[in-house]
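Reading through the structure tokens given below for one structure.
Numbering (my numbering), first residue to last: -19 to 397.
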């Protein structure tokens, strides 16, 4: 990867579509642009209308392009949903080099060997996550490059998904005019950003509460070991407000964002607002306490169901506790309810980058970090974005023709041979 590169992530959620532009400068990531658009055609994380979803993606990408002044041509797309499943696999190859030094080609071959697993016709491999490599029986190796050996093995987690969901996701992104550089499991990307090495090692539950669904990911011994999706989220709180206040869903969503509070005791009686009720021409006044009486029971139920699902997966009482993220966590009082319901250590993860310090951006920023560390090093592409022709066209053409670092090194070396 060059010292200055652009990576774009696309997070297609139930309520929002977000395109985030990250610039990699000497290995460090800077978030330089964010495009956001209301999500249409998505229900509970699944695509139900192709054309509406394409338009939402296009709006988010256009917004990001205008902010930074670049033309986005490739994106890394986050994928999630109840159709995702994990299974372990094992690959073995013989080291091909005559000097028995393990190189990138050997690692690629052993990864491909791990992909040889029985799959149902309706399922497809999304990605492979190496848990550890073994060189001639020596285990717990994370990067075997340049090591000497005869036999290379990998123990990996294979991420699979439903073909229909995968192909529909690829279709809407490509119809919006950009190329898909790769699919990345959002819970894996969010865990890479949100969890420390120790949290992954001892065992931690990562919970992403979005608008239409809640994704639970279990990390243990530095690996993603289980994942599950619940069809609950911020939309359920909005629906309760809509029914309780007898108003339209879009009005209920605005009220939730502006006045929402998850704890009745923390709500203010002097925070009042008027609501246009269905079937009436007269607005009715409510206080934040009235709103909290609707919100708190639903939030308690959401965290109760999360606890039950973790128990069903068999990972209760992990030392790392719970780490929460997702747009729904922006409401005041969510952390207090989570700590009371889950009865363990709980914290909210927020990206530590200027302009995206909000739980709703965790997955999008995580995709950029994950792609930078694990995907871009093995895939030398032309870049996920190119400079707009209206800005510095000469610089753009110079970058395209500029030799790589290795080529320059070879040219310099040839002068002395």
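Every residue, glycine too, gets a C-beta built ideally from N, C-alpha and C.
query                                                                                                                           : result
Cut-off 8 Å between Cβ atoms - residues of its own chain near residue 174, not counting five sequence neighbours on either side : 186, 303, 305, 329, 342, 346
Nearest candidate by alpha-carbon position, reference residue 116, set 109, 110, 124                                            : 124
Touch test, the segment 8 to 18 against the segment 309 to 322, Cβ-Cβ under 8 Å, three pairs minimum                            : no
The ligand ADP heavy atom lying under 7 Å from the CB of residue 183                                                            : Because no ligand of any kind appears in the structure shown, any question about the ligand ADP cannot be addressed here.
Ordered list of alpha helix (DSSP H) runs contained in the segment 152 to 216, each at least 4 residues                         : 166 to 174, 177 to 182
Residue 274 versus residue 268: straight-line alpha-carbon distance, rounded                                                    : 10 Å
Cα-Cα separation between residue 154 and residue 164, rounded to whole angstroms                                                : 16 Å
Any 3 or more C-beta pairs closer than 8 Å across the segment 54 to 72 and the segment 128 to 137                               : yes
DSSP three-state assignment for residue 32, whether helix, strand or coil                                                       : helix
Residue 304, DSSP secondary structure in three states                                                                           : strand
Residue 44 versus residue 118: straight-line alpha-carbon distance, rounded                                                     : 47 Å
Exposed unless 16 or more other CB atoms sit within 10 angstroms - verdict on residue 169                                       : buried
Three-state secondary structure assigned by DSSP to residue 333                                                                 : coil
Residues of its chain near residue 409, where Cβ-Cβ distance is below 6 Å and the 5 sequence neighbours each way are ignored    : Since the first and last residues shown for the chain are -19 and 397, residue 409 lies out of range.
Short Cβ contact (8 Å threshold) for residue 64 with residue 194                                                                : no
Whole-Å CB distance - residue 206 paired with residue 222, under 8 Å assumed                                                    : About 34 Å; that fails the 8 Å criterion.
Inter-residue CB distance, residue 264 and residue 255 (contact presumed, cutoff 8 Å)                                           : 6 Å
Whether residue 152 touches residue -6 by CB criterion (8 Å)                                                                    : no
Close beta carbons around residue 27, own chain, < 7 Å, minus the five adjacent residues each side                              : 21, 33, 148, 149, 152
Beta-carbon proximity check, residue 172 vs residue 350, cutoff 8 Å                                                             : yes
Alpha carbon of residue 48 to alpha carbon of residue 199, nearest angstrom                                                     : 35 Å
At least three beta-carbon pairs within less than 8 Å, the segment 278 to 296 to the segment 320 to 339                         : yes
Residue 218 - DSSP class collapsed to helix/strand/coil                                                                         : helix
Contacting residues, own chain, Cβ-Cβ under 6 Å from residue 57 (five flanking each side not counted)                           : -10, 153, 160, 163
As assigned by DSSP and simplified to three states, the class of residue 115                                                    : strand
Endpoints, alpha helix (DSSP H) assigned at residue 97                                                                          : Per DSSP, residue 97 belongs to no alpha helix (DSSP H) and is neither H nor E.
Anticipated Cβ contact below 8 Å, residue 60 with residue 166, distance rounded                                                 : 4 Å
Cα-Cα separation, residue 261 to residue 235                                                                                    : 19 Å
Cβ shell of residue 77 (< 7 Å), same chain only, five flanking positions each side left out                                     : 83
Reduced DSSP category for residue 132 - H, G, I as helix; E, B as strand; rest coil                                             : strand
Neighbourhood of residue 13 by C-beta distance below 6 Å, restricted to the same chain and skipping five residues each side     : 1, 44, 47, 48
Cβ neighbours of residue 290 in the same chain (closer than 7 Å, five flanking residues each side left out)                     : 185, 196, 296
Where residue -6 falls: helix, strand or coil (DSSP)                                                                            : coil
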